[in-house]
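Undergrad: Handing you this structure, nothing more for now.
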Amino acid sequence: MRIGAGLLLLAVLLPLFIGNNYQLGIAHQALILILLASGYNLLLGFTGLVSFGHIALFAIGAYTSAILVVSYGLPFAVGLLAAALLTGVAGVLIAIPALRIKGHYLTLLTLALGEVIRLAIRGMESLTHGAAGFTGIPRPSVLGFTFRSGTELYYLLLACVVLGVLFIARLERSRFGRAFKAIRDGETAAEVCGVDTAAMKVLAFGLSAVFAGVAGGLYAHTMRFISPEFFSLSLTITLLAMVLIGGRGTVLGPVVGAVLLTVLPEWLRFVKDYYLIVFGLAIWACTMFLPQGLMGLAASVVARVRRPA
Amino acid sequence: MLQTLLQVALTGATMGCIYALVALGFTLTIAAAGVVNFAYSEWVTYGAYIGVTLVAVLGLPLWLGLLLTVMLCAVLGYGFQLVVFAPLEGKHFLTTVSATIGVALAMQAAATLIWGPYALTLPTFFGSGSLTIGGVALFPHSLLIVGMTVVLIAAMQLALTRTDIGLRLQAAAQDPVAARLMGIPIRRMRTLAYCLSAALAGLAGFMVAPLFVVTTTMGFGLMLKGFAATIVGGWGSLKGAVLGGLAVGLIEAFGAAYLSSEYKDSIAFAMIVVVLLLRPSGLFPERIAEKF
Amino acid sequence: MLMRRSVCLAGLLLAATSLAAHAQSTLTLGMVIGTTGAFAGGEAPLVNGTKMAVADLNAKGGIGGKQITLVIEDTGSEQTGAVNAYNRILAQNPVAIMNTTLSGFVLSQMGTIQDEGIATFTGAASAQLAPDKKGVENLFRVRTSDSLVPTAAAKFALDTLGAKRIAILRANSEYGNGWRSAIEATLAARGLKPAASESFEGADRDVTPQLLRIKAADADVIIVAGDPPNHVVAVQQIKQLGLTAKVILSNGGVLPTTVKLYQPGAADGFYGTVDSVPGRDPAQAEWAARYRKQFNIEPDYSAAEYYDGVMMVAAAISKAGADPKAVVKALRTVAAYKGVGNIYTFANKGDGGQGVALVQIKGGVIDLAGSVQ
Amino acid sequence: MLRIDGLCAGYDASDVLHNISLTVAAGQIVAVLGANGAGKTTLMHAASGLLRPRAGAVLLDGAPITDLPAERIVARGLSHVPQGRRIFPGLTVQENLMVARTAATYRAPGGFAAALAEVRDLFPRLAERRDQLGWSLSGGEQQMLAVARALVARPKLILLDEPSLGLAPLVFEAMFTAIASIRARSGIGFLIVEQNAEQALRIADYVYVMELGRIVAAGLPADLAQDKAIERAYLGA
Amino acid sequence: MTALLAVSGIRKVFGGLTALDGVSFSLAAGQILGLVGPNGSGKSTLLNVLSGIYTPEAGEVHLAGQSLRGRAPHQIATAGLARSFQNQQLFAGLSVVENVLVGRACRLRAGVLASIFATPRFRREEAAARQQAEDLLALVGLGWAVGASVQRLSYGQRRLLEIARALASDPKVLLLDEPCAGLSQSEANDLAHVITRLKVNGLAVIVIEHNMRFVMGLVDRIVALNFGQKIGEGTPAEIRANPAVVAAYLGGSGHAAH
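Right under this line is the structure:
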């Protein structure tokens, strides 16, 4: 809790320290990825389901909002809401076949479904402009106020992230969060304890998809251009790394992971050509020395501090 | 018509063999140590680059280049065991996954620095001509890949079932505890599996270099197909990996030739979805990884 | 750490803006390019061309007595990377930016390019970037547009090669699809249709099924559009399958670094499109020779065009000063500027390059086969 | 031959074995009886190196093997036939036997061939099933193969964990008869952990009874059968 | 006395092996039934059938007059049957009290939105569940460990936690699979006290246990299994005197009763 409050304070004050669009742009990306990774963590970290099709849901969210706002002239808020809903439905639809399939087979199933979705988005040229990409997406605007400057946009995204993270924090402390983790730690035992595992898995898929949808809608209006090639498998792997490095199954893990994996490669630019090498090795070192992720480290530090008292 | 069919089957089989080789190496570490190695793509890439360095830069003959590439890749696998896998033994499999993602990123970036940004290539063993039999064009290098894959799979099957070390490798994979009670050092067996896996990656990289252009990203697509083949075939089953690889290659080729090239990837992925829905444990859900 | 760095950078930015009012001792030229990742190979010549231009200018005493510092930022061959790199350069107050050639990347930077108003050069050929479409005032294309190149290829096929049945084999990407629509439009104008239109994924390394369909369609000319590796695969398999149709490759297929990748003799007689063949003109021979010597590879038009871009910026600054708006305005007056890689006209439009040439591969080198206006 | 001295062992936070001491002389069959959860299997694991003891010592022929890993202990002449047999499911009967070869197999006269002949003699069934995969064997055949695998390593002593588990009465009677005959012909000692007291008492030279991780009774089979110690351990007082 | 749980003719086959063969018995509220038999006699399989993990080939289970045929495990749990596992299946990533709260899952009703906005109803329900969980932990002697992580519990304490978790759903019938394994004698005695107290409240308990001292002192009745068949049923004294049961344990022919 205290860590969360500290991070929030830091996040609110951050624009006072960063002035240029470069740093704001990175901050925007980090915030969107926090939302995406937090939702992904619901599946991967909380429920223990390894999906490789999550980026396709992110894409559905981005395209839904872009199409509704640009092609049909609907307000941004409507586009975002529709993105959340439609993606949620897609998540539930993916979950239904996924119930029968377990482990690595689930990973491949979601990977294949995700690719089918991505290719379908590319194929529907009249709707999505296909491989050419979707241009001319406006900045978000709510009730007549347009988030034009980087700082305004930053606070809009931050508000969404705060709501999202609070959502997950609350969820974690409810019967749903406990049920998700119970499924992860022992599906049969959870079932025998009275947890409707099928319903919970569908819920986990659906909720994580809603997060992806909102993140996608925000992404579209932040970058103002989206194309199918962006929503590729390598992004899935980055997302996976964010949750694992941050600490799966914790509320703040994906937050820390998303920020780290977005900021670190930029921050490492001072080593010039070697920055990606150092970045990769840093990820590796994290897993070597912090198998529970960064939040795992934080938790054990907190525990150590508290124990004597 | 028949010619087209045969031609498509041949090209599908060639790609299928490549996927099978990749899937075989990818599966080896899964079967032997339960390790899903996302750096496998870079093993393949490095195999190709090492081949280019040896043949195109140092001017070694192709066969010698191939031999050395395979050996150097085996050494790479050994290095991985020492540095990456051994310290993570017994950890959650996702921890190993993220470690290999990190190492893969670093290796890919390093490849650009070592070998430069330009695409490279290797000559084939038999030049670039093709021979035509009954209207079907046969490309010697493709035939070599198919032949080599067949021989290799046969050799591997033999080595695993007819040699002491092969049997011990199988035993260690099937039941590590019982293997220890038979006096089999399982750590060493795992190391062997990593070396073999990397050697296969090197071989695959070298053999596809003339067909694929050698770039820093060449391994990723291949690993993905290998990953799909591994699971379509049946997790951890070598037989499944080989047949899964062939299946993926043939589906792609036939989809592109007879349905639509525009949607061939969609078709291939949709097929995977269908296969998994019908057979939730892959095509060959062997009761227990039969024959390793 | 991050915070401190942020404060530093913010300070730097302040300092930079205040300095801009005074005379700066050096000028910063930005470059946003993929030095790592999938597109690093394709974009490397652009770095060469730009570096050479900067060196040439500095050797002559810079622009108006100010030396030029070239700052290169890597896109990592990724979309967000391209946006971040562009923003990173902006924070360093450049006089102009030499940008990536990937249309998707440029499109995702478009908002920023427009907002910031710094003169930006790109080799992205996409018709989408034309000023009458999504282009903006300060974006300059140092390349011939994709609305011209595929058209030229199709016309060459029809008029020079006497094609009756043209087949298209293209990457399923923004680039490949742009080629398809341009060729289809050209054919439609003559009342024709493509004999076949096949596609492949950028990562595919087997196009045999597509070629068999083209063969079945009895095409007499195949136009291939994609990245360099796609061309290598297509050329090899066209040869293996014994297709007799004539072949026209898109620009990536006749880059010197690509031509080196073809198996000996495989691409002999194939045609390709380029904006120009640097060094053909005696006026460019000296440049081409220097390039060859400096980078140890054959020069190509894309390197030459980025060289030209830097030279045009230099000319604009000499004329109008280093103020970004003034630079853009001055560049907007460029007309029929003959560089080493192309002829450029930016007056009232961002589409600089106008030239398209067709070349033929003969014995591993490219030779001019004809040029189309 | 085998001496276990003050052995304590357990998993994670729990102690399972408390100060266990027992000996097996050369060529002796010793049975450890006790109900489920008494710690018998843990004792086996601690003896064969699968589990590192917390205290105490395991001595084979007077030499300590307490800290050796399992794969090294086999070479010293101690074979462990684990509970549930743990036949390699994807290997044939023959391959299962081949995997079990050690240096000792070849030091013995006749090498592997002699060992195979001996196994064929003892368990003709296995010869018939030579090329069948491990998983397809019946429970009794798997138990035979497990014992045969141990014999191939030419041990001085075999640890046998619940050989009767899940077997039909006739099958495990045959199994115990085979064990007695192995001892008779090659002088290999056995330490057998067993639930089925009657069969174990039939062939054992000496018996220990375990309850809750401790040895609660020890003696000759006949004496223990008189005493109600065993029945108490199983059925409660 | 009507039967709370009625089990009739259960048959379960794995491959060629008949693990359970026509097992029938019944249990009344407030009764404790011991399930005994040598290893591999089918006791755990029977519990898995009762709790819905396995679907039997034949036979019926009725709980309070309702048939449990075709019900998923979580529905059976909701109907009032809870269990513990032989090889401890706690949720390692959850704290001690959260483990107990998962056990209450089927009694909680708050929806996602209610949970997120922490409506008064949600808060009441959570508070009540938490109170109950803490009471249960106190009951099994783990009151001190409420917020601790499962890793900090000893083997025996984890068993007790599993029982608390099973009790959280307010079951009518509780199945315990070897609750004493790994417990010290004093811990086992404490556990026996807990079970006796529950019995007073009308809970029916089926317990598989090898620790005969524990079983004999606690249970009202015993059902003995061997090779998937019921070989005896009766009071502890009757069972101890039953020659078929003694033979099944001590060896000899397991089929003496037939």
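Chains as they are written, first to last, in the numbering used here: chain A, 2 to 310; chain B, 4 to 295; chain C, 86 to 458; chain D, 48 to 284; chain E, 160 to 417. Beta carbons: idealized from backbone N, C-alpha and C, even for Gly.
1. Counting only beta-carbon atoms, is D:H65 nearer than 7 Å to chain B?
2. For D:S95, does the count of other Cβ atoms within 10 angstroms reach 16, so buried, or fall short, so exposed?
3. Closer than 7 Å by beta-carbon distance: list the chain A residues that pair up with C:L114, in chain order.
4. Expressed to the nearest angstrom, what Euclidean distance is found between the alpha-carbon atoms of E:G199 and E:T177?
5. Using a C-beta cutoff of 7 Å, does B:E265 count as contacting chain C?
6. Cα separation between D:E241 and D:G86?
7. Quick one: complete alpha helix (DSSP H) runs, 4+ long, within the region 24-105 of chain A?
8. Within 10 angstroms of its Cβ, does E:N246 collect 16 or more other Cβ (buried), or is it exposed?
9. Could you tell me which of A:L10, A:S209, A:A6, A:E192 sits nearest to A:G92, measuring between CA atoms?
10. So which residues of chain A does C:N196 contact, with C-beta pairs closer than 7 Å?
11. Name the chain C residues whose beta carbon is nearer than 7 Å to that of B:S284?
12. Does the beta-carbon distance from E:G168 to E:G224 come in below 7 Å?
13. Which value, in whole angstroms, describes the spacing of the CA atoms of B:G71 and B:V78?
14. With a threshold of 6 Å on Cβ separation, who are the neighbours of C:H107 within its own chain once the five nearest residues in sequence on each side are excluded?
15. Could you give the C-beta distance for C:S230 and C:D436, rounded to a whole number, given that I count them as a contact under 8 Å?
16. For A:A180, which residues in chain E fall below 9 Å Cβ to Cβ?
17. What are the residues in the region 205-219 of chain A lying within 8 Å of chain E by C-beta distance?
18. Any idea which residues DSSP pairs D:Y253 with across the strands?
19. With a cut-off of 7 Å, does the C-beta of B:M185 fall near any C-beta of chain D?
20. Among all the DSSP beta bridges, which residues are the ones paired with E:N385?
21. By Cβ distance below 6 Å, which residues in the same chain neighbour C:S110 in space, the five residues on each side in sequence not counted?
22. I believe E:G239 touches E:P330 by the beta-carbon criterion, under 8 Å. Please report the beta-carbon distance rounded to the nearest angstrom.
23. I'd like to know whether the C-beta atoms of B:I156 and B:A175 end up nearer to each other than 7 Å.
24. To the nearest angstrom, how far is the alpha carbon of D:A72 from that of D:A265?
25. Out of curiosity, what's the CA-to-CA distance linking A:L8 and A:I27?
26. Which class does C:Q152 belong to by DSSP, given the choice of helix, strand or coil?
27. List the residues of chain D whose Cβ lies closer than 9 Å to the Cβ of B:V180, in chain order.
28. On the premise that D:L198 lies in contact with D:E165, defined as a C-beta separation below 8 Å, what is that separation, rounded to the nearest angstrom?
29. Starting from the N-terminal side, write out each stretch of the alpha helix (DSSP H) that is 4 residues or longer and does not extend beyond the region 58-146 of chain D.
30. Looking at chain E, which residues of the region 64-90 of chain D have a Cβ within less than 7 Å of any of its Cβ atoms?
31. Please name the residue in D:A221, D:V254, D:A110, D:E245 whose C-alpha comes closest to that of D:F237.
32. So the candidates are C:G337, C:V425, C:A400, C:T329; which of them puts its Cα closest to the Cα of C:G149?
33. Inspect the beta-carbon positions of E:E346 and E:G315 and report whether they are closer than 7 Å.
34. According to DSSP, simplified to helix, strand and coil, what is C:F380?
35. Going by C-alpha to C-alpha distance, which of C:A388, C:I203, C:A238, C:A273 sits closest to C:K414?
36. I'd like the list of long-range same chain contacts for C:Y376, defined as Cβ closer than 6 Å, with 5 residues on each side in sequence excluded.
TA: Quick answer:
1. Stepping through the fourth sequence from its first residue, residue 65 of chain D is reached at position 18. Chain B contact via Cβ: absent.
2. Locating residue 95 of chain D in the fourth sequence gives position 48, counting from the first residue. It counts as buried.
3. Along the third sequence, one-based indexing puts residue 114 of chain C at 29. Going along chain A, no residue has its Cβ under 7 Å from C:L114, so there is no contact; the nearest lies around 17 Å.
4. Counting from one through the fifth sequence, the residue named residue 199 of chain E turns up at place 40. Counting from one through the fifth sequence, the residue named residue 177 of chain E turns up at place 18. Approximately 11 Å, taken between the alpha carbons.
5. Counting from one through the second sequence, the residue named residue 265 of chain B turns up at place 262. Output row for B:E265: interface = yes.
6. Here residue 241 of chain D corresponds to residue number 194 of the fourth sequence, with the count starting at 1. Here residue 86 of chain D corresponds to residue number 39 of the fourth sequence, with the count starting at 1. Between D:E241 and D:G86, the C-alpha separation is close to 11 Å.
7. 55-67, 77-99
8. Translated into positions along the fifth sequence, residue 246 of chain E becomes position 87. Exposed is the call here.
9. Counting from 1 along the first sequence, the entry for residue 92 of chain A is found at position 91. The shortest C-alpha separation from A:G92 is found at A:S209.
10. By one-based count along the third sequence, residue 196 of chain C stands at place 111. Per the sequence shown, residue 196 of chain C should be read as Gly rather than Asn. The answer, in chain order, is R225.
11. Here residue 284 of chain B refers to the residue found at position 281 when the second sequence is read from its first residue. Those within 7 Å of B:S284 in chain C number zero; the least Cβ separation is about 28 Å.
12. Mapped onto the fifth sequence, residue 168 of chain E falls at position 9. Mapped onto the fifth sequence, residue 224 of chain E falls at position 65. Not a contact, by the Cβ cut-off of 7 Å.
13. To locate residue 71 of chain B, count along the second sequence from 1; it is residue 68. To locate residue 78 of chain B, count along the second sequence from 1; it is residue 75. Sequence check: residue 71 of chain B is Leu here, not Gly. Going from the Cα of B:L71 to the Cα of B:V78 covers about 10 Å.
14. Reading the third sequence from its first residue, position 22 is the one you call residue 107 of chain C. In this prediction, C:H107 scores a pLDDT of 42, lower than 50, which makes its location untrustworthy; no coordinate-derived value is stated.
15. Counted from its first residue, the third sequence places residue 230 of chain C at position 145. Counted from its first residue, the third sequence places residue 436 of chain C at position 351. Between C:D436 and C:S230 the Cβ distance is about 5 Å, and since that is below 8 Å, they are a contact.
16. For the purposes of this step, residue 180 of chain A is taken as residue 179 along the first sequence, with counting starting at 1. The answer, in chain order, is V261, A264.
17. L208
18. Looking up residue 253 of chain D in the fourth sequence gives position 206. Per DSSP, D:V77.
19. Counting from one through the second sequence, the residue named residue 185 of chain B turns up at place 182. True, the Cβ-Cβ gap to chain D drops below 7 Å.
20. Along the fifth sequence, read from residue 1 onward, the residue named residue 385 of chain E stands at position 226. BP columns for E:N385 point to E:Q388.
21. In the third sequence, residue 110 of chain C corresponds to position 25, counting from 1. Counting only Cβ-Cβ distances below 6 Å, and skipping sequence neighbours, we find nothing.
22. Counting from one through the fifth sequence, the residue named residue 239 of chain E turns up at place 80. Counting from one through the fifth sequence, the residue named residue 330 of chain E turns up at place 171. Their Cβ separation, rounded to whole angstroms, is 5 Å, which keeps E:G239 and E:P330 in contact under 8 Å.
23. Residue numbering aside, residue 156 of chain B sits at position 153 when the second sequence is read from its first letter. Residue numbering aside, residue 175 of chain B sits at position 172 when the second sequence is read from its first letter. No, the Cβ-Cβ distance between B:I156 and B:A175 is not below 7 Å.
24. The residue given as residue 72 of chain D occupies position 25 in the fourth sequence. The residue given as residue 265 of chain D occupies position 218 in the fourth sequence. Roughly 15 Å separates the two Cα atoms.
25. Position 7 of the first sequence holds residue 8 of chain A. Position 26 of the first sequence holds residue 27 of chain A. Their Cα atoms are separated by approximately 17 Å.
26. Mapped onto the third sequence, residue 152 of chain C falls at position 67. It is a strand residue.
27. As a working mapping, residue 180 of chain B is identified with position 177 in the second sequence. Residues of chain D passing the Cβ test: L97, A117, P129, R133.
28. The residue labelled residue 165 of chain D in the question sits at position 118 within the fourth sequence. The residue labelled residue 198 of chain D in the question sits at position 151 within the fourth sequence. Correct: roughly 7 Å between the Cβ atoms.
29. 87-95, 117-120, 140-146
30. A82, N83, G84
31. The count along the fourth sequence starts at 1 and reaches residue 237 of chain D at position 190. The shortest Cα separation from D:F237 among D:A221, D:V254, D:A110, D:E245 belongs to D:V254.
32. Here residue 149 of chain C is taken as the residue at index 64 of the third sequence, counted from 1. Taking only the C-alpha atoms, the option nearest C:G149 is C:A400.
33. Within the fifth sequence, residue 346 of chain E is the residue found at index 187, counting from 1. Within the fifth sequence, residue 315 of chain E is the residue found at index 156, counting from 1. Cβ distance < 7 Å, so E:E346 and E:G315 count as in contact.
34. In the third sequence, residue 380 of chain C corresponds to position 295, counting from 1. C:F380 falls in the helix class under three-state DSSP.
35. Numbered from 1 along the third sequence, position 329 holds the residue referred to as residue 414 of chain C. When only C-alpha atoms are compared, the closest one is C:I203.
36. Within the third sequence, the letter at position 291 stands for residue 376 of chain C. The residues are P384.
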